[in-house]
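For the sequence shown, the numbering used here assigns the number 881 to the initial residue and increments by one for each residue that follows.
Down below is the structure, laid out as structure tokens.
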Amino acid sequence: MNKSKKVVKKWGQNYFSKNKSDPIFGKLTGHVQKLRLCRMCPWMHPPVVSGGPVVSKVLLVGQAPGDKEPKLGRPFAWTAGKTLFRWFDQAAGMSEEEFRASIYMAAVCRCFPGKNPAGGDRVPSPEEVLNCSVWLKREMDILKPELIIPVGKLAIAQFLPLQKLDSMIGRNYKKIVAGHHFDVIPLPHPSGASPWHRKEPGKSLLKKALRLIIKHPAFNFKNKGVGHGF
Ligand code: SF4
């Protein structure tokens, strides 16, 4: 049995379809092909970073790739990703491979914005966020996610009025958009730039948010709620 089939068996039929006759997989594959060709934003640095057509009821929305992700060809491929996947490993015993194979990984912007001369990566402009929202909207139309996990303030702000992380992390928000019901459970950004998730109350609120995610019916992981870290 190859690796991808093992993942299918472990995660169940709601997750990870590569069946070409599955209409959702077909639509999503076409979508990802078009997304990878997008050059709508002149100040962005191609190539587009995509995690590929993973059919899932869980949508993770990051902010924008860094400079390593375009070379490595997948989202959260560097230090912030290591932290993010460690959180899920500790909370649910879920490996990076299982995460990537079972959760659709989107972002507010799919291209590296470039460096900010003052340090760090450039924050995408409102126009770039608006341009890229077309892709996110299409993904929501195709997948009809039951759980959305926005990671970091820029991503959270696409779904919820932004407040301090202390009052937003560790909560499940019920949303309805165009008649579609879904839950939003935000996470802080795992980058080393912010210490919020490494000290209280961030540490406890992060654990609470991860517990909400892994117990969510759409998450459907075999070990949910019994992670060795929480
Ligand atoms: S950031 Fe989004 S909209 Fe802009 S070029 Fe990249 S994929 Fe296209």
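The beta-carbon is built from N, C-alpha and C at its ideal position, and this holds for glycine as well.
Asked: Same chain only: Cβ atoms within 6 angstroms of LYS883, ignoring 5 sequence neighbours per side; Found: Because LYS883 sits at a pLDDT of 45, beneath the cut-off of 50, its placement in the model cannot be relied upon, and the point is left open.
Asked: Where the alpha helix (DSSP H) through PHE992 begins and ends; Found: First-last for PHE992: undefined, no H or E at that position.
Asked: Cβ neighbours of ARG1002 in the same chain (closer than 6 angstroms, five flanking residues each side left out); Found: PRO993, GLY994 and ASN996
Asked: The ligand SF4 heavy atom lying under 7 angstroms from the CB of MET920; Found: yes
Asked: Beta bridge counterpart(s) of ASP1063 as assigned by DSSP; Found: LEU1027 and LYS1054
Asked: Residue span of the beta strand (DSSP E) that contains GLY942, given as start and end; Found: 938–942
Asked: CA nearest to the CA of PRO1116, picked from MET985, VAL1014, PRO1006 and ALA998; Found: Here the chain covers residues 881 to 1110 and nothing more, so residue 1116 does not appear.
Asked: Buried or exposed (CB count within 10 angstroms, at least 16 for buried), GLY910; Found: exposed
Asked: TRP1076: CB within 7 angstroms of a non-hydrogen atom of the ligand SF4; Found: no
Asked: Cut-off 7 angstroms between Cβ atoms - residues of its own chain near PHE1110, not counting five sequence neighbours on either side; Found: With a pLDDT of 45 at PHE1110, under the threshold of 50, the modelled position of that residue is not reliable, and the figure given next carries that caveat. Cβ neighbours of PHE1110 beyond the five flanking positions: GLN970, ALA971, LYS1087, LEU1090 and ARG1091.
Asked: Given LYS1055 as reference, the closest of GLU949, VAL1064, ASP902 and ILE983 once Cα atoms are compared; Found: VAL1064
Asked: Cβ neighbour criterion (16 or more within 10 Å) applied to ALA1058; Found: exposed
Asked: GLU1007 CB to nearest heavy atom of the ligand SF4 below 7 angstroms; Found: no
Asked: Inter-residue spacing [alpha-carbon to alpha-carbon] between PRO1097 and GLY999; Found: 41 angstroms
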